[in-house]
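The opening position of the sequence shown corresponds to residue 24 in the numbering used here, with each subsequent residue numbered one higher.
Just so you know, even glycine gets a beta-carbon here, dropped at the ideal spot from N, CA and C.
Below is one structure, written out as structure tokens; comments come after it.
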Amino acid sequence: MRLLICLNIFILFCVTSGFSQNELNSGLYFASSEVVQDKRTSLNLTPEKPIKLSDGLKLEFDIQLRSGDGYYGYVFRIVSNSTDNFDFITNYASVNDNFTLIFKDKILCTFRWQDLPDLSYGSWFHVTFKLDLEKQLVELYINDVVRTASINYKKENVSFDILFGISKSAPFQSTDVCPMTLKNIRIYNQNDKLIRNWLLSKHTQNSTYDEVEEAIAVVENPNWLINTHLSWKETAHFDLNAFYGVVRNTDTDELYFVDENKITTYSLGSNKFDSIPYLDGNPYRQLNEKHVVFNPYTNEIWSYNLDQTGMSKFDLFSRKWSGKPISLDESNFGHHNKLISPVDSSFLAMFGYGLYRYNSTIFNYNPKSDSWVKYDKSDQIEPRYLAATGQLNDDTLLIFGGYGSKTGRQELTPGTYSDLYSLDLNTLQFNKLQDYNLPEFSFVPAESLIVDDDSTGFYTLIFDNSKYESRIMLAKFGIYEPSQFVFPDSIPFNFLDTDSWSYLYLNKPANKLFAVTTNKSSVRIYSMAYPPLVQDDVFQAVRSKNKSASKYLIFILIALVCSLIVFAYLIVRRKSKTDSKVGSVSPVFNDDMFSKVETIKKSSVLFLGGFQIYNEAGVDITSGFSPTLKQLFLIIFFNTVHRGKGISSSKLDEALWFDKSEKSARNNRNVNISKLRNATEEVGGLEILSENSYWKLKMSSNIYCDYLRVLNIISKKDNDDIDVDSIIELSGLLENGELLPNLQVDWIDSYKSQFTDKVIDFLVKVIFREEFQDDNKCLMHIANSIFSLDSLNEDALMVKCQILQKEGKGSIAINTYNSFCKEYLSLLDTDYPTSFNDILIGKSNN
24 MRLLICLNIF ILFCVTSGFS QNELNSGLYF ASSEVVQDKR TSLNLTPEKP
74 IKLSDGLKLE FDIQLRSGDG YYGYVFRIVS NSTDNFDFIT NYASVNDNFT
124 LIFKDKILCT FRWQDLPDLS YGSWFHVTFK LDLEKQLVEL YINDVVRTAS
174 INYKKENVSF DILFGISKSA PFQSTDVCPM TLKNIRIYNQ NDKLIRNWLL
224 SKHTQNSTYD EVEEAIAVVE NPNWLINTHL SWKETAHFDL NAFYGVVRNT
274 DTDELYFVDE NKITTYSLGS NKFDSIPYLD GNPYRQLNEK HVVFNPYTNE
324 IWSYNLDQTG MSKFDLFSRK WSGKPISLDE SNFGHHNKLI SPVDSSFLAM
374 FGYGLYRYNS TIFNYNPKSD SWVKYDKSDQ IEPRYLAATG QLNDDTLLIF
424 GGYGSKTGRQ ELTPGTYSDL YSLDLNTLQF NKLQDYNLPE FSFVPAESLI
474 VDDDSTGFYT LIFDNSKYES RIMLAKFGIY EPSQFVFPDS IPFNFLDTDS
524 WSYLYLNKPA NKLFAVTTNK SSVRIYSMAY PPLVQDDVFQ AVRSKNKSAS
574 KYLIFILIAL VCSLIVFAYL IVRRKSKTDS KVGSVSPVFN DDMFSKVETI
624 KKSSVLFLGG FQIYNEAGVD ITSGFSPTLK QLFLIIFFNT VHRGKGISSS
674 KLDEALWFDK SEKSARNNRN VNISKLRNAT EEVGGLEILS ENSYWKLKMS
724 SNIYCDYLRV LNIISKKDND DIDVDSIIEL SGLLENGELL PNLQVDWIDS
774 YKSQFTDKVI DFLVKVIFRE EFQDDNKCLM HIANSIFSLD SLNEDALMVK
824 CQILQKEGKG SIAINTYNSF CKEYLSLLDT DYPTSFNDIL IGKSNN
């Protein structure tokens with residue numbers, strides 16, 4: 024599970040980067056009178072200090088109103104110089120004034136619903152408030168309708184506190200909140216210069232930062248709409264008498280749940296239920312099977328039988344089934360896939376399982392001749408069931424994964440498939456497109472898959488079919504590249520073969536994904552905003568407060584700390600060099616020398632323990648590198664270091680923007696290269712260069728990189744003198760952690776494994792060098808360093824056990840050996856062949 028979830032993490036950001044802000048759910052939902060006062064929402068744009076604007080201001084925002092949560096409440100309250108208030112208030116129920124602007128105790132202007140013909144609940148509209156102190160004039164716009172009013176306000180050095188929703192500031196307390204959602208709040212000065220811009224999209228838990236000055240706005244009781252892209256929400260749970268399947272009417276965006284005596288309808292747009300009782304006839308009632316499909320060309324639901332090839336059709340207008348089939352036994356084609364072909368309106372069913380056999384069969388029903396044809400496709404695709412299908416276009420069907428065996432026989436090595444096929448709907452020929460990397464756990468997909476907007480990838484639901492108490496997760500796979508990504512959130516799913524079914528639907532008008540799970544006759548429906556996101560797409564990095572005031576103090580402190588570190592390091596280095604030269608053949612180590620290496624922060628790029636980057640002043644600027652910029656920087660870095668000439672534009676596009684068109688990939692690359700150059704400028708000494716269509720990194724000698732430092736230390740040959748200080752430094756660097764542990768993508772795996780192998784090989788050579796054999800502390804530290812990289816390293820085990828035994832710590836030595844044997848058995852599924860006594864005498868059976 025862990026490997027699959029982390030696999031190709033960068034793909035997600037490529038997938039979601041193509042969506043504009045307006046295509047995502049964004050905005051702050053204000054809890055109003057539907058909850059008690061303590062749980063209502065407030066938004067304070069000036070939590071730290073008022074905004075000083077001597078000549079006035081312009082405030083504008085987008086707002087969406089909702090009905091059913093009360094009628095009266097504050098949209099905003101602007102308090103100037105802590106004494107005078109401008110209030111914008113709604114009163115839905117009033118027969119006279121529905122929107123009112125107030126200055127102190129005076130009504131400046133009002134609007135009625137009929138004054139605003141384009142205004143309706145649930146739709147976004149634009150509000151602009153202008154205060155011109157020089158002209159003593161106030162303007163309020165709702166969309167394009169404007170009201171003006173004169174005021175008498177003769178104050179200088181005016182400052183403003185701006186709040187939306189509830190207000191707790193005395194003497195302006197109010198708990199009446201307009202039932203609303205806000206986004207895109209902007210503040211301009213009197214010269215119409217934008218000085219604040221809160222999108223109300225990305226956020227921290229209870230705050231958000233504007234795009235101009237990174238000014239903080241604080242929220243109480245927030246409900247961020249963008250969070251709906253992160254997780255599933257259960258929208259319905261109901262039970263049927265007997266569940267015979269579910270189909271979708273794409274014209275009405277309804278789901279039809281076929282029951283024993285009626286059809287239960289569920290609207291994906293309104294989440295409302297209805298029912299259509301049968302007036303005559305019935306569907307096929309087959310044990311635990313879901314043999315129904317919706318025909319959009321005839322507006323009918325078709326119920327069918329594949330074992331005896333029959334069809335009963337339900338007309339939604341007459342509410343009658345064309346047949347009265349009797350109940351049937353268990354099918355030979357359980358968990359098959361089906362569709363109405365857009366090529367000729369015929370019915371196709373494929374795959375399935377029954378009587379201990381998996382199938383590669385295609386059934387084709389021609390409604391014009393009321394005839395069936397059966398095709399065996401085992402020479403083109405291996406037999407299976409529990410596969411996912413979805414249309415790539417009008418001529419092509421995609422088939423993903425499933426469970427089966429090469430022969431079709433259940434007893435002959437069945438297993439899960441991680442492959443992708445296309446089916447030509449004109450010729451009914453299968454063509455293999457992809458083989459995906461097998462994950463650490465087996466999974467099968469839901470019955471349906473959804474192709475993304477640019478037709479380069481698809482979404483489906485996956486779950487572990489080897490467990491009853493399983494969990495369904497949303498996953499995305501590449502069509503033309505073997506990429507895969509699993510989104511973190513999951514849905515509980517009790518799976519018991521044909522008792523359990525799962526489906527994925529996309530309601531495109533509302534940009535919502537729906538997951539439907541069934542267990543026997545119990546149905547649950549979940550929704551998630553589309554496109555799905557992860558937390559890095561949603562949460563802002565926390566900004567430091569009072570950064571301008573503390574900037575110089577921070578620089579001074581950093582400089583002092585760095586000076587002390589360098590000074591201490593020089594003293595230790597001088598002492599160790601002196602000790603190594605005075606009449607002693609072997610170096611003398613102590614535990615303090617192996618303490619964790621202090622991080623060099625000034626102009627540094629660090630990879631061990633996680634990606635970090637510091638500028639010339641020693642300030643951590645890692646938060647300025649988005650996940651995509653990190654990927655871009657690292658792929659250029661490693662290709663420059665290990666390949667010399669860097670990486671070509673085509674390879675960059677292939678790695679990071681594989682799911683984009685050539686033009687889109689080029690645009691994404693150019694934009695992100697520009698961002699990366701800006702981000703690395705602060706470091707001083709880093710340059711992103713383009714030479715002969717290759718991108719490479721130029722790094723000056725003043726840049727410190729822990730990864731390059733380790734490579735420098737371990738590059739020594741067998742006959743080279745090994746510097747004592749270097750061994751101490753290497754051990755300390757390795758204490759910082761693994762190489763880029765949070766980055767789990769295909770392209771970096773080879774660099775990680777090469778790095779680990781080289782470090783282990785070097786340390787093993789060091790551990791057996793003659794000059795270190797009399798220094799047990801040194802050998803023990805090196806052995807532990809090896810174990811941190813390779814928990815099954817026999818050389819490290821041998822050295823560690825021998826040292827512990829020599830020091831009279833026999834029980835600890837045996838425990839160390841036993842722990843090693845236990846992990847050896849767990850990972851390799853076989854007993855460790857070397858005895859404890861053989862380890863002590865340096866003998867190995869491997």
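From the options, residue whose alpha carbon lies closest to that of residue i
i: threonine 779; options: Leu812, Leu753 and Leu82; result: Leu812
i: cysteine 132; options: Phe111, His149, Trp147 and Ala116; result: Phe111
i: leucine 838; options: Cys824, Thr198, Arg432 and Gln213; result: At residue 838 the sequence reads asparagine, which differs from the leucine that was named. The shortest C-alpha separation from asparagine 838 is found at Cys824.
i: arginine 271; options: Asp854, Ser117 and Ile324; result: Ile324
i: serine 814; options: Glu794, Ser842, Ile826 and Gly831; result: Ser842
i: glutamate 296; options: Ser117, Ser478 and Lys285; result: The sequence given here has phenylalanine at residue 296, not glutamate. Considering only alpha carbons, the answer is Lys285.
i: phenylalanine 630; options: Glu639, Leu657, Ser649 and Phe648; result: Leu657
i: isoleucine 864; options: Tyr855, Ile835, Lys829 and Leu850; result: Lys829
i: aspartate 512; options: Ala538, Ser506 and Ala533; result: Ala538
i: aspartate 476; options: Ile502, Gln452 and Val467; result: Ile502
i: histidine 359; options: Leu139, Asn328 and Lys72; result: Asn328
i: asparagine 294; options: Ala564, Asn311, Thr540 and Asp276; result: Asp276
i: leucine 461; options: Leu519, Phe859, Thr430 and Ser441; result: Ser441
i: phenylalanine 183; options: Glu353, Lys683, Ile101 and Asn662; result: Ile101
i: glycine 96; options: Phe109, Asp199, Lys177 and Lys81; result: Asp199
Burial state of residue i, where buried means 16 or more other Cβ atoms lie within 10 Å
i: tryptophan 18; result: In this structure the chain extends from 24 to 869, so residue 18 is not present and cannot be described.
i: aspartate 861; result: exposed
i: isoleucine 130; result: exposed
i: alanine 54; result: buried
i: glutamate 793; result: exposed
i: aspartate 141; result: exposed
i: aspartate 300; result: The sequence as given places proline at residue 300; aspartate does not occur at that position. When all chains shown are included, proline 300 counts as exposed.
i: serine 849; result: exposed
i: asparagine 735; result: exposed
i: tyrosine 144; result: exposed
Presumed contact (8 Å Cβ cut-off) between residue i and residue j, rounded CB distance
i: glycine 304; j: glycine 346; result: 6 Å
i: phenylalanine 634; j: threonine 645; result: 7 Å
i: serine 364; j: leucine 446; result: That pair is no contact at about 10 Å.
i: glycine 886; j: phenylalanine 374; result: Residue 886 lies beyond the stretch modelled for the chain, which goes from 24 to 869, so this question has no answer here.
i: isoleucine 737; j: serine 627; result: Wrong, their Cβ atoms sit about 20 Å apart, outside the cutoff.
i: glutamine 433; j: arginine 494; result: Going by Cβ atoms, the distance from glutamine 433 to arginine 494 rounds to 25 Å, so no, they are not a contact pair.
i: cysteine 201; j: threonine 113; result: 5 Å
i: isoleucine 218; j: leucine 68; result: The Cβ separation is near 11 Å, so there is no contact.
i: leucine 762; j: tyrosine 730; result: 7 Å
i: serine 544; j: leucine 263; result: 5 Å
i: glycine 669; j: lysine 719; result: 3 Å
Three-state secondary structure (DSSP) of residue i
i: glycine 865; result: coil
i: serine 56; result: coil
i: lysine 600; result: Model confidence at lysine 600 stands at a pLDDT of 39, short of 50, so the residue's coordinates are unreliable; what they give is reported in the following sentence. Of the three classes helix, strand and coil, the one that applies to lysine 600 here is helix, per DSSP.
i: proline 856; result: coil
i: arginine 432; result: strand
i: serine 345; result: coil
i: aspartate 813; result: coil
i: tryptophan 136; result: helix
i: isoleucine 185; result: strand
i: alanine 564; result: coil
i: leucine 823; result: Residue identity differs from the one stated: residue 823 is lysine in this sequence, not leucine. Reduced to three states, the DSSP call for lysine 823 is helix.
i: proline 468; result: strand
i: serine 713; result: strand
i: isoleucine 623; result: coil
i: histidine 260; result: strand
i: tryptophan 221; result: strand
i: alanine 411; result: strand
CB contact check: residue i to chain B, cutoff 8 Å
i: arginine 308; result: Included in the structure is just one protein chain, with no chain B present.
Closer than 8 Å is the cut-off here; do at least three beta carbon pairs connect the segment 545 to 561 with the segment 237 to 254?
yes
Would you check if the segment 118 to 128 and the segment 189 to 197 touch, i.e. whether three or more CB-CB distances between them fall below 8 Å?
Not touching, per the Cβ criterion.
Under 8 Å, with one C-beta from each stretch per pair, do the segment 513 to 525 and the segment 483 to 500 reach the 3-pair mark?
yes
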